[in-house]
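Mapping of the sequence shown onto my numbering: residues 181 to 1130, in sequence order.
Yeah, the Cβ is synthetic: ideal placement off N, Cα and C, and Gly gets one too.
Reading through the C-alpha cells given below for one structure.
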Amino acid sequence: LDVAEDLARAWAPVSLGEDFFWCGVDPHAATFAGKRAVLGNLAEAKAKLEDLRRVAKAVAEHLELWWNDSPRNALRLVEVLRILQARRSVPAEWLSREAVEPIEARVRELEGAIRDRQDAVRQLVELVGNDWPAIDAGAYRRVFDSEVSLTEKAGLQLVGDLDAASLSERSAFYGNAPEVLGRIEAMAWELANGLGLQPGAMTLDVVDRLVTLADLIGAKHRPEGDWLDTFALPKLDEAINVLSAVVDSYREKAEALSGLFKPSVLELDLESLRARFETLHRGIRKLGGAYRADKRELAAHTLLGKTTKAVIENLPQAIEWQQLAKELKAAEDQHSAQLGSYYRGVETAFDAVVDAIDVAREALNLAGRELRRPDVLRNQLALGGEPDPDLKALAEELKNIKNDFVASAQQLVPSAQSVLSLPIDEAASWFRECAPHIRVLATEAARLEELAGRTMHLRAVRAALEARAKAHEVDQALSSNWEQDKALLGEAYIGINTDWERITSDLEWVKKLRNAIDAPVDPITAQCLLSCEMAPEPLQDAAKSWTAARDAVLDHFERDRAGELVQVLESSFLDSEELLGRMTDTIGQIDDWVAFSRARNRLAELGLGEASEHLIHLRVDAQEVVPAIERAVLAAWVDSVMESDARLTKYRSDDRDALVEEFKNLDEKFIDRAAGVVMEAANHRRPKTNRGAAGIIEREGQKKRRHMPVRELIAATAEVVQAIKPCFMMSPLSVSQFIPPGLRFDMVVIDEASQVKPADAANCIYRGRQLIVAGDQQQLPPTTFFEAVSMDGGDEYEEGQIDEFESVLDLAKAGGIESLPLRWHYRSQHEALITYSNYSFYDGRLITFPGALDEAEDVGIEFFYVNGIYRRGGARDNPIEAEKVAERVLFHAERHPDLSLGVVAFSEAQAATIEYVLDQKRRERPDLDRFFSEDRLSGFFVKNLENVKV
C-alpha cells in the first residue's frame, strides 16, 4: 500500500493526460546535467525548425505546391525535387488529370493492337509474300460466315488440308448434286410405279430395294402368282417340307427295289401275300395250287417275271414302299395344290420350287408395306405374267447412277453417311444450301494461291485471311483515333512505329511524381513542375539538420513515446514549435515521470502490474488509486484461497443449486421414510395377543363411558404403552397429571428450556435416565405475570440460601452440564430479520444466510416513521401509531390476501386500540373480511408482546 500511495502522489502523467509531455523520458534526464542537456537539445531543435520552414516556403512557392506547413511536407518537397532532376518531356495533362490508369490502359491497348498487327503482317508475309496488301480485307468475313453456315446450318466441317483444287472439285460436286439427286428420285419413282410400290419417302436405301426388286424380274424360277402373298408363304414352307421328305423317302425305297419289282407291285395286296408265304406256304403245302397261284400273281410284277427267293424275302420292303406310296398320296392330296405347276409327283424338282419360293419371299420383303398394287408386281415377277423389259433396263441405269453418286459423295462429303440417309429431296436441299458456301471457299482459296504463287491448304487460307482482316482492323482503329491518341500521349506517339518502351518509362516517371505530389494538381502547377530546374540540395540540407536536432530530443525518450512525439513534431511547423516550447516550459515534469515510473514498476514486481495499468487506462482520480490497489490485493487473496481449498472448487450457482436441490430431495425422502421406519419399529413391538395389559387397553377402547383414568390406565399397562408408543410429547403439567411416578424413560428432552422454570421441570427430569436441555438464554425468561408471590429479590448472599434460577436452562448451565451451541441460523428468510439479534445478543457468532432477494416490497424489515403521541393517562396507548398499523394491515390484506399476518403490540392497551381502529376501517372494506380469519396457523391476529412470548 505504501507503493500505491507513492503512485497516487505521482499521478500527474495520468491526471494531466495530453498536457503531460514527459511520458517515457529517460530517468537520467532527471539529473541536473540531464535537464541541462535536454534544454540545449530543445533550443537547437527550435532553430533548425525555423531554418527548414524558411527554405521549404521558398521551394513551395516556386513549385506552386504550397507545402510549407510541416516538416513532413518539407521532406516530400525534397523528394519532388529529386524526381524533377530526371524530368521527361510528357504532356502536362498527365499531372493534372484524376488518374493515369486510363492512359496506361490506352497505351496497353494501342501497344497490344500494334503488336497484333505486326504479328499479322509477319504471318501474311510468311503465307502470301509481300503482296499481301492486295488481299481483300473483307474476304475473311465471307469465308468465316460460309464456314459458320456450313457448320451450324448444315453440320459440315471441312478439313483444313484441302487446297484450292480440292475445294473446286467439291464445289462442282455440291453444285451438281441436287440435279443428280433429282434425276435419281424421278427414275426411282418411275421404277416404284412399275413394280406396284408407293414408298412414303424416297431415300437411297429405298432406291437400292427397288433396284434389287427389279432384278428379280429375270429370275430363272419365277413364283406362282398366288405365292406373292405373305399369308401364302407359311403354307408353301409347310408343303415343301412335307412333300420333299415323303418324295425323297419314296424315291429312296423305289430305287432300292428297282432290281426286283416293277412299280405295279404296289397295286397288289402285299401284306396278305407276305402273310401267306410266311405262314401257309410251308412244307407240303407248297405242292398246292394256292402256292402256285400266289407265285404267278407276284411274278407278273417282278422285273425277272418270276417269284424267286429274293422276291419273297423283300416282300416286307415292298410293303414299306407301298406304305410310302400311300403317305405320298395323302401328302399330295393336302399340299400338292400349293405348289401349283411346279409339282410333278415324284419327278418334282424341289430345288426349283425352293428357288421360286425364295424369289417370292425376297420380293415381299423388299416390297414390304409399300406394296400398293400386288397385281402389278405379280405381272412383273410371277409365272404367266408379262414383265416390262424397260423396267429391267431402268433399274440397271438407276443403279449405276446411284452408285456413282454415292461413291463420289463418300469421297467428297465428310458427313456422307448421315446426308445419304436423308430423303432424296432433303439431301438435294442440303447440297443446294452448302454449294454457295463451298464455292466461296474455293474462290478465295484460288485467289490466294494465285497471289502466293503456290498451293495453299484451307487452314493456311483461313490464317492468311484472318491475319489480313486483323491488320486492316488495327489500321482502321489507329486512323479513326489518331487525333485523340496523339493529344493523349504527346509527341512520343507516332503510330505503328511508336517507341513503347519510352512511353512506358515516361508513365513510370509520371506515376512516381504524382505519388510524390498527391496528384492531380492544377494545370499551372503541372507546368511549373515540368519546367522546374531548382536543385534539391539546399532544402535537403535543411531537412537533415532538422532531423538530427529532432532525433537528439527524441533520444531522451523510450522508443514508443518517441514515436508518438515524432508524429506531432512532423505534423506541422506550428505544432512542432508549440510542442518544443511547452516541453521547455514543463521541464520539471521529468521528476514526476521518474517517480511515477518507479512506483508503477514496483507494483509490477509485486504482481500488481495489471491492476495499475488498468487504473492508468481508466484514468481514475488519484484518490481512487490506493483503494483500487487494495481491492485488487484482496481479490487476489480470495482467488488464491479458493484455488487452494478443494472445498471451494464448486462454487458456480448451477452447481450450488444442483446440490441444494439434491439435498432437498434427499431430505424429503428421509422425512417421508422416517415416519414409516418409526411406525415399522413400533409395529414390531406390539403384543402378539390381546391378553394382559394389551387386553386392558383393548377393553377400555371399546367402552362408551366410565373409562379408567389415564394415569391408572398407563400404570396398569406401562410395558405395552411404552412398547407401542415409546415417545411421549407433553407439557410439564401434563406429565404430573397423566404419567405415574414409577414410569421411566430412556431420555427426557426439555425444549424451549429458557421458558421452563426449574420447579416445572423437576417432575420430568427424575423420570428419565438421560437429560437433554435445549434452549436459548438470549430469549426472554418465563413470564412472572401471573405469579402472586416471589422470593426475596435482594442481591446480598445469605448462607444456606436456595439458589434462584429463572429457567431450567440457566440451572443446567450453572450445573456444568456439557453445552453444545448451535451457530447456524436458517429460519429467517431475510437476513435483516436476525441481524439485530445476532450482533446485539449473540456477538455476531450466528452464521446466517442472505436471501435470494435483498430488497423488495415483501421481504426483510421496513421502517415506517410515525409522529405518534403516547397517552400517559388512563388510556396508555398511541392512537396515531394504531392508525398507521391498521393502514398497513389493510394494505397487506389487499396486496397479499393469500399470506398470513400477525400484529404484535408492546402492551395490551395498544393491542386493543389497534383492533378498535382496524374494526372501524374494515367497515369501509367489507371485501377484505375473508382475510381476517382466526385460524391458529394461517389466520390474522393482534396480540401484545406477553401473549406472543407465551
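Are ALA596 and SER348 close, meaning C-beta to C-beta below 8 Å? SER348 sits away from ALA596, with the two beta carbons spaced by 8 Å or more.
Bridge partners of GLY1149, per DSSP? The structure shown has nothing for residue 1149, since the chain only spans 181 to 1130.
Is it true that the stretch 704-714 meets the stretch 265-272, where meeting means three or more beta-carbon pairs spaced less than 8 Å apart? Contact between the stretch 704-714 and the stretch 265-272 is present, because at least three Cβ pairs lie under 8 Å.
On the premise that THR1093 lies in contact with PRO1059, defined as a C-beta separation below 8 Å, what is that separation, rounded to the nearest angstrom? The distance from the Cβ of PRO1059 to that of THR1093 is about 6 Å, consistent with a contact at the 8 Å cut-off.
Nearest candidate by alpha-carbon position, reference ALA412, set HIS481, ALA517, SER351: Closest option to ALA412, Cα to Cα, is ALA517.
List the DSSP bridge partners of GLN950. In the DSSP output, where bridge partners are listed per residue, GLN950 has MET927.
Assign ALA399 to one of three DSSP states: helix, strand, or coil. Note: ALA399 maps to coil in three-state DSSP.
6 Å CB neighbourhood of ARG350 in its chain, flanking five on each side removed: Apart from the 5 residues on each side of it in sequence, ARG350 sits with its Cβ closer than 6 Å to the Cβ of LEU592, ILE618 in its chain, given in chain order.
Contact with chain B by PRO889, beta-carbon distance below 8 Å: The structure shown contains no chain B; it holds only a single protein chain.
Tell me ASN1124's beta-bridge partners as DSSP assigns them. Here ASN1124 is bridged, per DSSP, to ALA1085.
Residue burial classification, THR459 (beta-carbon count within 10 angstroms, cutoff 16): Its Cβ having fewer than 16 others within 10 Å, THR459 is exposed.
What is the C-beta distance between PRO193 and TRP726, in whole angstroms, given that I count them as a contact (C-beta under 8 Å)? Between TRP726 and PRO193 the Cβ distance is about 28 Å, and since that is not below 8 Å, they are no contact.
Strand pairing of LEU377, partner residues [DSSP]: Bridge partners of LEU377: LEU551.
So which of ALA826, PRO703, GLU1067, SER660 has the shortest CA-CA distance to LEU275? Among ALA826, PRO703, GLU1067, SER660, the Cα nearest to that of LEU275 belongs to PRO703.
DSSP three-state assignment for THR488, whether helix, strand or coil: Shown here, THR488 sits in coil according to DSSP, grouped into three states, outside any helix or strand.
Between which two residues does the alpha helix (DSSP H) carrying GLU738 extend? Under the DSSP assignment, GLU738 falls outside any alpha helix (DSSP H); it carries neither an H nor an E label.
7 Å CB neighbourhood of ASP568 in its chain, flanking five on each side removed: Sequence-distant partners of ASP568 (beyond 5 residues in either direction) whose C-beta falls short of 7 Å from its own C-beta, in its chain, are GLY374, GLN560.
Suppose the cutoff is 7 Å on Cβ atoms and the five residues either side in sequence are ignored; what does the same chain contact list for HIS887 look like? Residues GLU880 of the same chain have their beta carbon placed closer than 7 Å to that of HIS887, with the five preceding and five following residues left out of the count.
Best match in GLN902, HIS652, PHE908, LYS849 for proximity to VAL929 [C-alpha to C-alpha]: It is PHE908 whose Cα lies nearest to the Cα of VAL929.
Pull up the distance between the alpha-carbon of TYR354 and that of PRO594, whole angstroms please. Those two C-alpha atoms are separated by around 12 Å.
Measure the Cβ-Cβ separation of ILE877 and VAL900 and say whether it is below 8 Å. By the CB criterion at 8 Å, ILE877 and VAL900 fall inside the cutoff.
Drop a sphere of 10 angstroms on the beta-carbon of TRP662, count the other beta-carbons inside from all chains shown, and report buried for 16 or more, exposed for fewer. Counting every other CB atom within 10 Å of its CB across the protein chains shown gives TRP662 a total below 16, marking it as exposed.
Compute the Euclidean distance between the alpha carbons of GLN981 and SER987, then round it to the nearest angstrom. Only weak support is given to the placement of GLN981: the predicted model assigns it a pLDDT of 49, under 50, and the value that follows is read from those uncertain coordinates. Going by the C-alpha atoms only, they are around 18 Å apart.
Classify GLY376 as buried or exposed, calling it buried when 16 or more other Cβ atoms lie within 10 Å of its own Cβ. GLY376 comes out buried.
For LEU798, is the classification buried or exposed, using 16 other Cβ atoms within 10 angstroms of its Cβ as the cut-off for buried? So LEU798 ends up on the exposed side.
Tell me, which residues are paired with PHE441 by DSSP? Paired residue(s): THR482.
Might you give, ordered along the chain, the residues of its own chain that have their beta carbon closer than 6 Å to the beta carbon of SER970, omitting 5 neighbours on each side? A caution first: SER970 carries a pLDDT of 47, below 50, which makes its placement in the model too unreliable to give a value.
Leaving aside the five residues before and after ALA344 along the sequence, list all residues of the same chain whose C-beta is less than 6 Å from its C-beta, in chain order. Answer for ALA344: ALA625, ALA626, GLU629, listed in chain order.
Give the single residue among ALA779, ILE767, LYS433 whose Cα lies nearest to the Cα of ARG189. ARG189 has its Cα closest to that of ALA779, out of ALA779, ILE767, LYS433.
Using 8 Å as the threshold, is the C-beta distance between LEU232 and ALA723 below it? Taking 8 Å as the cut-off, the beta carbon of LEU232 is found closer than this to the beta carbon of ALA723.
Euclidean distance between Cα positions of VAL556 and GLN378: Roughly 12 Å separates the two Cα atoms.
According to DSSP, is VAL526 part of a helix, a strand, or is it coil? Annotated three-state conformation of VAL526 is strand, per DSSP.
Consult DSSP for ILE1027 and reduce its assignment to one of helix, strand or coil. DSSP, read as helix, strand or coil, puts ILE1027 in strand.
Work out the CA separation of LYS650 and PRO313 for me, nearest whole Å. Computed Cα separation, rounded: 12 Å.
My guess is that ILE809 and LEU788 are in contact by the Cβ rule of under 8 Å, so how many angstroms apart are they, rounded? Indeed, because the Cβ distance is near 6 Å, the residues count as touching under 8 Å.
May I have the straight-line CA-CA distance separating ALA1066 from GLY1048, to the nearest angstrom? The alpha-carbon atoms of ALA1066 and GLY1048 are separated by roughly 14 Å.
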